[in-house]
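*Asks:* Input: one structure, supplied below.
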Amino acid sequence: MKFGLCQELFGERSWDDQCRTMADLGYHGVEIAPFTLAPLVTGISQERRRALRETTQRHGLEVIGLHWLLAKTEGFHLTTRDRDVRRATSAYFVALAHCCADLGGKILVLGSPQQRNLEPGTTMSEALDHAEEVLCGALPTCEERGVTIAFEPLTKKETDFINTCAEACALIDRIDHPHLRLHQDVKAMLGAESEDLPTLITKYAEKTVHFHANDTNLLGPGMGETDFAPIFEALLKSGYDGYVSVEVFDDSPGADHIAQVSIATMTSALDAARRRRSTSR
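Using the numbering used here, you'd call the opening residue of the sequence shown number 164 and step up by one each time.
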């Protein structure tokens with residue numbers, strides 16, 4: 164299990180400074196919000212992709228992947244009735260997969276709630292058909308480039324399309340492609356699910372490929388009321404060996420402080436889970 168950080172937290176700080184800070188704090192990987200690099204990933208040149216990757220690696224980090232895939236874009240939508248928009252969205256997911264792989268990443272976290280909300284008059288059945296069409300258009304490229312789309316359930320406050328792990332897994336099973344998997348997010352699960360987090364982590368372990376750590380107060384681990392000890396115990400017990408990335412939505416305490424408290428909390432929780440597991444054998 165490795166620790167990552169969603170880098171939009173650092174705002175306009177240089178890439179070198181972001182990577183140095185994360186490495187100094189003990190993070191292993193960086194998760195990129197594309198809008199921090201360019202309005203569209205198609206605007207990121209191959210030369211810049213190489214430079215970003217090399218700088219990341221020079222600091223001993225790796226690019227985990229991309230998230231907020233459609234944030235701050237126009238003309239893309241996952242569930243729209245507009246066929247041309249669906250085609251454009253699928254083509255953009257192809258571009259995202261290429262960019263992700265070029266940067267050294269392997270994960271595309273598909274959240275983007277505004278770009279998946281049902282439009283007026285669209286039924287859930289239609290929305291599912293449209294989402295399947297869009298995703299299936301991009302998955303062959305994902306497979307070719309070694310990139311996996313991790314579908315993120317979000318709360319009903321954020322979107323009306325796919326709110327629970329069960330709903331996400333139904334779509335994943337329907338499409339049945341090895342490069343479409345489940346993403347779990349602490350804040351979202353606390354706000355949308357009826358089961359507790361350790362149960363959800365265990366229940367969907369076989370489909371989960373990526374995990375976000377945060378809290379309902381929009382800050383990082385250790386900065387709210389959520390106890391991360393049982394979360395990491397469940398992740399460890401389930402055999403999860405991917406990244407746990409910190410994603411926050413309130414940067415008012417300061418990026419460095421949030422990053423430091425978050426990794427300290429996660430490290431402590433994981434160490435405690437490992438100790439409990441070793442003594443129970």
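Yeah, the Cβ is synthetic: ideal placement off N, Cα and C, and Gly gets one too.
Rounding to the nearest angstrom, what Cα-Cα distance links Gly387 and Gly167 in this structure?
*Replies:* One C-alpha to the other measures close to 19 Å.
*Asks:* Going along the chain, which residues of its own chain have a beta-carbon closer than 6 Å to the beta-carbon of Ile446, five neighbours each way excluded?
*Replies:* In the structure displayed, the chain extends from 164 to 444; residue 446 sits before or after that span and is not available.
*Asks:* List the DSSP bridge partners of Arg344.
*Replies:* Answer is Ala313.
*Asks:* Among His375, Ala329 and His340, whose alpha-carbon lies nearest the alpha-carbon of Ser357?
*Replies:* The option with the nearest alpha carbon to Ser357 is Ala329.
*Asks:* Could you say which of Gly189, His346 and Pro361 lies nearest to Ser425 if we only look at CA atoms?
*Replies:* Nearest of Gly189, His346 and Pro361 to Ser425, Cα basis: Gly189.
*Asks:* Start and end of the beta strand (DSSP E) containing Gly192?
*Replies:* From DSSP, the beta strand (DSSP E) with Gly192 extends over Gly192 to Ile195.
*Asks:* Could you check whether Ala351 and Thr318 sit closer than 8 Å to each other, using their CB atoms as the reference points?
*Replies:* Yes.
*Asks:* Return the residue from the list Pro197, His420 and Thr184 that minimises the CA-CA distance to Leu271.
*Replies:* When each option's Cα is compared against that of Leu271, the closest is Pro197.
*Asks:* Which residues bound the alpha helix (DSSP H) around Ser275?
*Replies:* Looking at the DSSP string, Ser275 is not in any alpha helix (DSSP H), and its letter there is neither H nor E.
*Asks:* Taking the beta carbon of Met185 as the centre, do at least 16 other beta carbons fall within 10 Å, making it buried, or is it exposed?
*Replies:* Its Cβ being crowded by 16 or more others within 10 Å, Met185 is buried.
*Asks:* My output table needs one value for Tyr367: the three-state DSSP class, helix, strand or coil.
*Replies:* The answer is coil: DSSP assigns Tyr367 none of H, G, I, E or B.
*Asks:* State the beta-bridge partners of Tyr403 as determined by DSSP.
*Replies:* DSSP output for Tyr403 lists no bridge partner at all.
*Asks:* Would you tell me roughly how many angstroms separate the C-alpha atoms of Arg142 and Phe391, rounded to the nearest one?
*Replies:* For residue 142 there is no data in the structure shown, the boundaries of the chain being 164 and 444.
*Asks:* Excluding the 5 residues preceding and the 5 following Leu382 in the sequence, name in chain order all residues of the same chain whose CB lies nearer than 6 Å to its CB.
*Replies:* Taken in chain order, the residues that qualify are Val411 and Asp413.
*Asks:* Any chance the region 241-253 sits against the region 203-214, with 3 or more Cβ pairs inside 8 Å?
*Replies:* The region 241-253, when compared against the region 203-214, does not touch it at the 8 Å Cβ threshold.
*Asks:* Report yes or no: is there a C-beta of chain D within less than 8 Å of the C-beta of Gln278?
*Replies:* The structure shown has no chain D; it contains just one protein chain.
*Asks:* Determine contact between the region 172-179 and the region 229-244, defined as no fewer than three beta-carbon pairs at a distance below 8 Å.
*Replies:* Flag = no, the region 172-179 and the region 229-244 do not touch.
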